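Everything on this sheet refers to the single structure shown next.
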Amino acid sequence: MKLRYLFFAVALFVVACSQSPDNLSTGIIPAPQQVTWGEGAFRMPRTLTYATDLAGQDKADLTAWMNRSAAGRFFLVPFVEAVEGDVPALRLRLSDEGAPESYRLDVAHSGITITAPDAAGLFYGLQSLAQLAEHSGKRIPAVTVEDAPRFAYRGFMLDVSRHFRDKEFVKRQLDLLARYKLNRFHWHLTDGAGWRIEIRKYPELTDFAAWRPYPCYTEWYYGDRHYCRRDDSAAEGGYYTQDEIREVVEYARALHITVIPEIEMPGHSEEVLATYPQLACSGKPYVDKDLCIGNEQTFEFLENVLSEVIELFPSEYIHIGGDEADKASWATCPRCRARMRHEGLKDVDELQSYLVHRVEIFLNSKGRRLLGWDEILQGGLAPDATVMSWRGLEGGIAAARAGHQAVMTPNNYCYLDYCQDDPTREPPAAAAFVTLEKAYSFDPAPDSLGAEAVPMILGVQGNLWCEHVSTGEHAEHMMWPRLMAIAEVGWSLPERKDYGDFHTRVLDAVAWMQERGYHPFDQKNAVGPRPESLEPVQCLSTGKPVIYHTPYSPKYAAAGDGSLTDGLRGDWNYGDQRWQGWLDTDVDLIVDLGESLFVKHIAADFMQGFYADIWMPRAVEISVSDDGGHYTTLATVKNDVPFDFRQDCYREFGWTGEARGRYIRLKALHNGHSGGWIFIDEIIVE
Ligand code: ACM
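Under my numbering, read the sequence shown as residues 211 to 896, first letter to last.
See below:
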């Protein structure tokens, strides 16, 4: 026995030693461009002596990170600067060659050298070394990593309006963004749910518009959507003082991250209008959603706010929102109509475009550039504007083809408020899905965009909207590890990407984060697709025609008429082309089995998605008939899921017994809530 074990151990050892270097993994996220393994290894000492030719601020930034990395365990061992005469174990050298942010990392028996054309490249080389060292342990195999980003813009957006997060939370996330070579932090500072930045000229914004008498966004949203004064005993919310903003911007800068502020306009501005009703078309608080574009005071307000914002944020880009303007009040507002007449604007889209053009002129006059959500294309894009494409890729493609730059952040790949796994176990999320694999599969600039458009794609960004995200832990759960997928999409060349390998690296990275007190989604215990969706069904109804007494919505037709008997069950996501949907109606369906058959089970699955207005039917009546005229009711199955149950859920409405018939009828009764959907994935007859 013992001999057999010995033999096995020796065999394993031989296999391990003879492993081809090509099979070694660096463990680095995002995957580097080129990895060449060498001979021998570097043994990590207890402290790593280093020397750098960085000087001044760049050196101070590097040293600050090195000092913090010891406390936060962001590097395996502490750093110590080599004194004169010492041979440093790590050299960080500037060179004249290489693309911005690129680096070369050489690990040899005798020491480690990082070479880069700029301080950002040296920093990224150090981040790669940190991950490589954790992955390898104290003995790092000799290797050369040559690396550069695919895209210049690799971003993360955090919505702090719906739920406020303090500056310490933001800084903790910046540490991770930098580790994964993300270099833009887009700070969504204002929205209808709360204003979050101190503006000296308008103190009411942070004395009033930053506070709600509801701790939770959804309670506020489904409540009266009012604000309160900061000294109200029920006040919840918060804002960043200008000093705090400066602190975060500086912290980010030292991590080679640019902070891009977003000041929403002209929509998503309820909090401004509640504070300054004179900026609303109606002149009243709590009525309109958009700023009045006919009113010169609106421009005075925006320019005053932006002037202070520009003072605080050195970023080239200022994000002005521009998404989802309601535009309803403009059509009837005398001032907006006068503006349209005077400026020759044919509709409200052009009116919004007028505002964006004017704001762009203002920003350009201050040496800044305008960035906005893809709705700023409507009514004509401002000449120098950059588009952030969120409703799919189309906006970004249109902008790029028109010679504008674009950042790709399509919701179906990049929205981190979407659910990432089995929604019956996950914390609240928006009623849509982006798994780690889906985020990873994104290509912001496929060749199919054309040679003219591809260079206009600046990069990619993951967005965390926080309607459903009320705590810092929950925010981290939504961000990580999906932001690692966005990081790799933004940095690594498509040919270097491999989901299986990435997934392995992610599991290690998640454990690493957990050990440091972060709360990433526990990817190793992910459920993955809905189990029912993985196994095709074969039963008496499979392939049989369905007679639709109630036609399904063309918006959720799934695979059309054959969908409910095609043997394919739905995944978690009602938009997966397997779930069929009906809006505001009972659903009456008949399956024709072709001949009278003995049946013992009839059922269908339904789902409830509170935030998507998808409801369980009030009840499902199940009946059979031999002639298609007279039906015998077998069961009326009542719903037991409460209307206000907010977690997505799935349940079967079924009957089990003994019966005979050719026609099987299911009647799902709508729950009466206007605007409500019913979704069914498959009818099962056994
Ligand atoms: C957005 O999601 N409204 C940009």
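For glycine and all other residues, C-beta sits at the position ideal for the given N, C-alpha and C.
All values derive from a computational prediction rather than experimental measurement.
Compute the Euclidean distance between the alpha carbons of phenylalanine 395 and valine 851, then round it to the nearest angstrom.
Position 185 of the sequence shown, counted from the start, is the residue given in the question as residue 395. Position 641 of the sequence shown, counted from the start, is the residue given in the question as residue 851. C-alpha separation (whole angstroms): 41 Å.
When you compare each of Glu647, Arg726, His436 to glutamate 686 by their alpha carbons, which one comes out closest?
Within the sequence shown, the letter at position 476 stands for residue 686. Here the closest residue by C-alpha is Arg726.
On the CB-based measure, 16 or more other CB atoms within 10 Å of its CB, does phenylalanine 223 come out buried or exposed?
Position 13 of the sequence shown, counted from the first residue, corresponds to residue 223. Its pLDDT being 42, under 50, phenylalanine 223 is placed unreliably in this model, and the value from its coordinates should be taken loosely. The residue in question, phenylalanine 223, is exposed, as its Cβ has fewer than 16 Cβ neighbours within 10 Å.
List the endpoints of the continuous alpha helix (DSSP H) containing glutamine 724.
Indexing the sequence shown from 1 puts residue 724 at position 514. That run of the alpha helix (DSSP H) goes 709-725.
Once DSSP output is grouped into helix, strand and coil, what is the label at isoleucine 890?
Translated into the one-based positions of the sequence shown, residue 890 becomes position 680. Strand.
Would you check whether the ligand ACM has a heavy atom nearer than 7 Å to the C-beta of tryptophan 932?
The structure shown does not extend to residue 932, since the chain spans only 211 to 896, so no value can be given for it.
Express the C-alpha separation of leucine 264 and serine 230 in angstroms, rounding to a whole number.
One-based indexing of the sequence shown puts residue 230 at position 20. One-based indexing of the sequence shown puts residue 264 at position 54. For serine 230, the predicted structure reports a pLDDT of 40, less than 50, and the residue's modelled location is therefore unreliable. A value from the coordinates is still provided. Approximately 37 Å, taken between the alpha carbons.
Residues in the same chain with beta-carbon distance under 7 Å from proline 704, minus the five sequence neighbours each way, listed in chain order, please.
Indexing the sequence shown from 1 puts residue 704 at position 494. These residues qualify, in order along the chain: Asp653.
With a threshold of 16 other CB atoms inside 10 Å of the CB of serine 884, please say whether the residue is buried or exposed.
On the sequence shown, position 674 is the one that residue 884 refers to. Exposed: under 16 other Cβ atoms inside 10 Å.
So aspartate 536 and lysine 494 are supposed to be a Cβ contact under 8 Å. How far apart are they, rounded?
Translated into the one-based positions of the sequence shown, residue 536 becomes position 326. Translated into the one-based positions of the sequence shown, residue 494 becomes position 284. Actually they do not touch by this definition, with Cβ atoms about 15 Å apart.
Roughly how many angstroms separate the alpha carbons of tyrosine 821 and proline 620, rounded to a whole number?
What you label residue 821 is simply residue 611 of the sequence shown in a count that begins at 1. What you label residue 620 is simply residue 410 of the sequence shown in a count that begins at 1. Distance between the alpha carbons of tyrosine 821 and proline 620 is about 20 Å.
Exposed or buried, tyrosine 432, counting other C-beta atoms within 10 Å across all chains shown (16 or more means buried)?
Against the sequence shown, residue 432 aligns to sequence position 222. Per the 10 Å Cβ criterion, exposed.
Taking only heavy atoms of the ligand ACM into account, decide whether any of them is closer than 7 Å to the Cβ of tryptophan 275.
Here residue 275 refers to the residue found at position 65 when the sequence shown is read from its first residue. No, since every heavy atom of the ligand ACM falls outside the 7 Å radius drawn around the Cβ of tryptophan 275.
If you scan the segment 468-517 from start to end, which runs of the beta strand (DSSP E) of 3 or more residues do you find wholly inside it?
Whole beta strand (DSSP E) segments, 3+ residues: 468-475.
Measure the C-alpha to C-alpha separation of lysine 576 and glycine 554 and round it to an integer number of angstroms.
Within the sequence shown, residue 576 is the residue found at index 366, counting from 1. Within the sequence shown, residue 554 is the residue found at index 344, counting from 1. Whole-angstrom Cα-Cα distance: 27 Å.
Taking the continuous alpha helix (DSSP H) assigned at lysine 391, which residues delimit it?
Sequence index remark: in the sequence shown, residue 391 carries index 181 (1-based). Note, lysine 391: premise wrong, no alpha helix (DSSP H); not H, not E.
For threonine 842, write down the residues that DSSP places opposite it in a beta bridge.
Your numbering for residue 842 matches position 632 in the sequence shown. Val834.
Where does the unbroken beta strand (DSSP E) through cysteine 624 begin, and where does it stop?
For the purposes of this step, residue 624 is identified with residue 414 of the sequence shown, where counting begins at 1. Unbroken run through cysteine 624 is the alpha helix (DSSP H), 621-624; no beta strand (DSSP E).
Tell me which residues share the same chain as alanine 280 and place their Cβ nearer than 6 Å to its Cβ, disregarding the 5 neighbours each side in the sequence.
In the sequence shown, the residue the question calls residue 280 occupies position 70. Within the same chain, alanine 280 has close Cβ partners Pro288.
Should glutamate 534 be listed as close to the ligand ACM, given that the test is whether its C-beta is under 7 Å from any heavy atom?
Along the sequence shown, read from residue 1 onward, the residue named residue 534 stands at position 324. Flag set: Cβ of glutamate 534 near the ligand ACM.
Identify whether alanine 548 lies in helix, strand or coil by the three-state DSSP scheme.
As a first step, residue 548 is located in the sequence shown; it is residue number 338 there, counting from the start. Alanine 548 falls in the helix class under three-state DSSP.
Mapping DSSP to helix, strand and coil, what is tyrosine 449?
As a first step, residue 449 is located in the sequence shown; it is residue number 239 there, counting from the start. Coil, per DSSP.
How is the alpha helix (DSSP H) around histidine 687 delimited, first residue to last?
Residue numbering aside, residue 687 sits at position 477 when the sequence shown is read from its first letter. 682-689 is the extent of the alpha helix (DSSP H) around histidine 687.
Can you grab the Cα-Cα spacing for the pair valine 558 / tryptophan 887, in whole Å?
As a first step, residue 558 is located in the sequence shown; it is residue number 348 there, counting from the start. As a first step, residue 887 is located in the sequence shown; it is residue number 677 there, counting from the start. Distance between the alpha carbons of valine 558 and tryptophan 887: 31 Å.
CA-CA distance, glutamate 862 and alanine 814?
In the sequence shown, counting from the first residue as 1, residue 862 sits at position 652. In the sequence shown, counting from the first residue as 1, residue 814 sits at position 604. Those two C-alpha atoms are separated by around 6 Å.
Excluding five sequence neighbours on each side, which residues of the same chain lie with their C-beta closer than 6 Å to the C-beta of asparagine 505?
The count along the sequence shown starts at 1 and reaches residue 505 at position 295. Cβ neighbours of asparagine 505 beyond the five flanking positions: Arg545.
Assign leucine 876 to one of three DSSP states: helix, strand, or coil.
The residue given as residue 876 occupies position 666 in the sequence shown. In this structure, leucine 876 counts as strand in the three-state DSSP scheme.
Given this structure, state the Cα-to-Cα distance separating valine 245 from glutamate 378, to the nearest angstrom.
Walking along the sequence shown from the start, residue 245 turns up at place 35. Walking along the sequence shown from the start, residue 378 turns up at place 168. Between valine 245 and glutamate 378, the C-alpha separation is close to 36 Å.
Exposed or buried, which one is serine 651 when buried takes at least 16 other CB atoms within 10 Å?
To locate residue 651, count along the sequence shown from 1; it is residue 441. It counts as exposed.
Check for me: the alpha helix (DSSP H) holding lysine 348 runs from which residue to which?
Translated into the one-based positions of the sequence shown, residue 348 becomes position 138. Segment: none, lysine 348 is in no alpha helix (DSSP H) and carries neither H nor E.
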